[in-house]
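Heads up, the numbering used here is the position in the sequence shown plus 146, with the first residue counted as 1. Cβ atoms here follow ideal geometry from the backbone N, Cα and C, with glycine treated the same way. Here the structure is a predicted model, which is why all the values come from computation and not from measurement.
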Amino acid sequence: MSSTRIRIGLSRVCFVRDDWTADFDREAIVAAVDSLRPEYASLGISFELVDEDRTVRVASYSDLLNAVRLSSSKAGLGSPCLGHIIGASAHCDIVEDLKKGIGRLAFAPETIAPDSEFRKVCHNCGCGC
């Protein structure tokens, strides 16, 4: 069985509004990824969690999605932000959204729009969506 490596890049976040913030608990993200490891390992998929050397200024939840980038050794999609992969978030829960993004990247990368396609979810993170 060939193996696939999914890289999860986490940037630092800086909340810029006094009237809004969101939960971006790195430990919860690490725990969520660790909980997925056994199931995905049985399918030949491993994870690499990386701290990115950049800070994302966050004024909304869509900005928070910019702080997480996913890439796959197989998908050939580059390193799009989580918002590009999942589109709009159903519950604004970063752990839930990360799990959804990992699943889509691992099992249905064809459902992720190409960089050149216009997306309503675009939030100028630089990922090309």
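Per DSSP, the bridge partner or partners of residue i
i	result
G155	V196, R215
T201	R158
I240	Answer is none; I240 lacks a bridge partner.
I191	T150
Exposure label - residue i; buried when at least 16 CB within 10 Å
i	result
F264	Residue confidence for F264 is low, a pLDDT of 46 falling below 50, so the modelled location carries little weight and cannot support an answer.
F253	exposed
I154	buried
R163	exposed
Residue nearest to residue i in terms of C-alpha spacing, selected from the options
i	options	result
L210	I248, S149, L244	L244
W166	K246, G224, V204, P184	V204
V159	R172, L216, L223	R172
E198	R151, S157, I248, G249	S157
L189	A174, I152, A177, I175	I152
A234	P226, G222, Y207	Y207
V202	F170, N212, L251	N212
H230	A178, R250, R163	R250
I180	E194, F170, D169	In the sequence as displayed, the identity of residue 180 is Asp instead of Ile. Comparing Cα-Cα distances from D180 to each of E194, F170, D169, the minimum goes to E194.
Cβ-heavy atom distance, residue i to the ligand COA, below 7 Å
i	result
D165	Absent from the structure shown: the ligand COA. Ligands present: none.
Host alpha helix (DSSP H) of residue i (start-end)
i	result
A254	Here A254 belongs to no alpha helix (DSSP H), and DSSP marks it neither H nor E.
L228	228–232
Contact between the region 235–242 and the region 253–260 (3+ Cβ pairs under 8 Å)
With the cut-off at 8 Å, the region 235–242 and the region 253–260 do not touch.
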